[in-house]
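Shown next, in structure tokens, is the structure this report addresses.
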Amino acid sequence: MQIEVCKSKIHKVTVTEANLQYVGSITIDEDLMDAANLIENEKVQVVNINNGERLETYVIRGERGTGTICLNGPAARKVAVGDVVIIISYALMDFEEAKTFKPSLIFPDIETNTVV
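So in this note's numbering, the last spot in the sequence shown is 139, and the numbers never skip.
Following this line, the structure appears as structure tokens:
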């Protein structure tokens with residue numbers, strides 16, 4: 024049996040940009056991606072703490088060391104610059120494997136979006 028479990032989580036980062044005219048996705052600082060074990064084009068869920076919105080999109084690599092968190096395209100309507108979000112990815116795995124799997128959870132500095 025396969026189950027879906029949390030693979031990676033960036034817990035509480037601040038939205039730095041919202042670009043409605045971009046094709047779509049979320050741009051994430053590459054330092055945050057590495058720390059959370061996320062890769063470009065990976066599907067993620069974005070949960071907005073400020074307004075309760077939840078959306079699914081995919082990751083675009085942002086410039087390393089900038090703290091960039093930018094919602095692009097239609098997702099830009101679901102956030103405001105300054106909102107705090109949680110970014111989560113999931114993985115399918117065997118039920119027995121999932122019992123011992125340890126997700127990559129990071130808790131960045133909310134003011135700078137840098138890995139602490």
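Even for Gly, the Cβ is constructed at its ideal location relative to N, Cα and C.
Under the DSSP definition of a beta bridge, I110 partners with I33, V69. Per DSSP, the unbroken beta strand (DSSP E) holding D52 starts and ends at 48 to 52. DSSP, read as helix, strand or coil, puts A41 in strand. Here DSSP, grouped into helix, strand and coil, assigns G96 to helix. Residue burial is scored here from C-beta neighbours: P97 has fewer than 16 other C-beta atoms within 10 angstroms and is therefore classed as exposed. Annotation for T123: the continuous alpha helix (DSSP H) segment containing it runs 118 to 123. K125 counts as exposed, since fewer than 16 other beta carbons sit within 10 angstroms of its beta carbon. In summary, T80 is buried, with 16 or more beta-carbon neighbours lying within 10 Å of its beta-carbon over all protein chains present. Judged by DSSP secondary structure, E134 falls outside any beta strand (DSSP E); it is assigned neither H nor E.
Spatial neighbours of G90 in its own chain (CB-CB distance under 7 Å, excluding positions within 5 residues in sequence) are listed in chain order as T39, D52, T135, N136, T137. Ranked by how close their Cα comes to the Cα of T37, the residues Y113, M116, T50, A121 have T50 in first place.
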